[in-house]
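Below is one structure, written out as structure tokens; comments come after it.
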Amino acid sequence: MWNDATERMSHCGVLEFIVEEGMIYMPYWMIENMLLQEGDIVRVKNMTLPKGTYVKLQPHTKDFLDISNPKAIWRAILLKSFTQKV
Numbered sequence: 007m008w009n010d011a012t013e014r015m016s017h018c019g020v021l022e023f024i025v026e027e028g029m030i031y032m033p034y035w036m037i038e039n040m041l042l043q044e045g046d047i048v049r050v051k052n053m054t055l056p057k058g059t060y061v062k063l064q065p066h067t068k069d070f071l072d073i074s075n076p077k078a079i080w081r082a083i084l085l086k087s088f089t090q091k092v
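Numbered according to the numbering used here, the sequence shown terminates at residue 92, and the numbering increases by one at each position without gaps.
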């Protein structure tokens, strides 16, 4: 996805194909990241990204480590947030 006006680019996946052709809905955090306003035009291109092999995650504060099973929480968040390819 590319915003010509701000030269910002992002990658994303498709959750559902339910809107009319030529329209997309995206989360507010992505709109902010792309510096978009409602109704702005973005270019969308289908592409295959290389499969990731490693990720290192670090909590913002040590409070996250105080919960009973932080590894399980990370896993649940990641499974919910990212498209999984089998």
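Every residue gets a Cβ at the ideal spot worked out from N, C-alpha and C, and that includes glycine.
Roughly how many whole angstroms lie between the Cα atoms of Trp8 and Met32?
Here residue 8 refers to the residue found at position 2 when the sequence shown is read from its first residue. Here residue 32 refers to the residue found at position 26 when the sequence shown is read from its first residue. Near 13 Å, if we compare the C-alpha coordinates of Met32 and Trp8.
Residue from Phe23, Ile24, Val25 and Ile47 with nearest C-alpha to Glu13
Indexing the sequence shown from 1 puts residue 13 at position 7. Per the Cα distances, Ile47.
Could you pull out every residue in the same chain whose Cβ sits closer than 8 Å to the Cβ of Lys51, ignoring the five residues on either side in sequence?
For the purposes of this step, residue 51 is identified with residue 45 of the sequence shown, where counting begins at 1. Around Lys51: Met7 and Trp8.
Pairwise C-alpha distance: Ile30 and Ile24:
Numbered from its first residue, the sequence shown carries residue 24 at position 18. Numbered from its first residue, the sequence shown carries residue 30 at position 24. Each residue's Cα considered, the two are about 9 Å apart.
Pick out whichever of Ile83, Gly45, Thr54 and Glu26 has its Cα sitting closest to the Cα of His17.
Working through the sequence shown from its first residue, we reach residue 17 at position 11. Answer by Cα proximity: Thr54.
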